[in-house]
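Peer 1: Heads up, the sequence shown is in the UniProt record's numbering, so the first residue is 1 and it goes up one at a time.
This is the structure I have questions about; it appears just below.
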Amino acid sequence: TKVVTADLKGGVYKVPGRELTVQVKITNKTDEPLKLGEYTAAGLRFLNPDVFTTKPEFPDYLLADRGLSTDPTPIAPGETKTIEIKVQDARWDIERLSDLAYDTDSQVGGLLFFFGPSGKRYAAEIGGPVIPKFVAGDMP
């Protein structure tokens, strides 16, 4: 079967900006170029507006229709590359997902959805540790 694999390489959750930034190694084992369109965790959907040009029918309180951003370059068939994904929205706090920042063992998990020109959707699971950051800006 044609699949996409994803391996979480690291991540930071910026508390002031409600922003999760992760580096994920993606391998496209399909026969079409793919774009990352969605990250889903705990029923919340964070969408990439470069892929979702219209808002899907879904409850507003669970949908961040501009909550995901990444390099818009498609991942070619057979290609493996590491991409940076930003997931940012107030729903991190509203739906209490940001509690991960206050855990001594902060973990994140969810599904990435990739889309090809054929309209097919491919899911890949990610999970692992993230580092909480309590200050704004780009300090380490």
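Cβ atoms here follow ideal geometry from the backbone N, Cα and C, with glycine treated the same way.
So, for GLN107: in the same chain, excluding its five sequence neighbours on each side, which residues have a beta-carbon less than 8 Å away from its beta-carbon?
Peer 2: LEU100, GLY127, GLY128, PRO129, VAL130
Peer 1: Spatial neighbours of ASP7 within its chain, please: CB distance less than 6 Å, with the 5 preceding and 5 following residues excluded, ordered by chain position.
Peer 2: Result list for ASP7: LYS25, in chain order.
Peer 1: Among residues of its own chain, excluding the 5 on either side of LEU20, which ones have a beta-carbon nearer than 6 Å to its beta-carbon?
Peer 2: Around LEU20, the same chain offers TYR13, VAL87 as residues with beta carbons nearer than 6 Å, after the five sequence neighbours per side are excluded.
Peer 1: If you draw a straight line from the C-alpha of GLU84 to the C-alpha of LYS55, how long is it?
Peer 2: The C-alpha of LYS55 is placed about 24 Å away from the C-alpha of GLU84.
Peer 1: Quick one, are the C-beta atoms of ALA123 and PHE113 less than 8 Å apart?
Peer 2: yes
Peer 1: Pick out the complete beta strand (DSSP E) segments inside the segment 42 to 122, 3 residues or longer, and give them in chain order.
Peer 2: 44 to 47, 68 to 70, 80 to 88, 107 to 115
Peer 1: Please tell me whether residue 146 and LEU68 are closer than 8 Å, where the distance is taken between their beta carbons.
Peer 2: Nothing can be reported for residue 146, as the shown portion of the chain is limited to 1 through 140.
Peer 1: Which same chain residues, not among the five before or five after ASP65, have their C-beta less than 6 Å away from its C-beta?
Peer 2: Correct list, in chain order: LEU47, LYS55.
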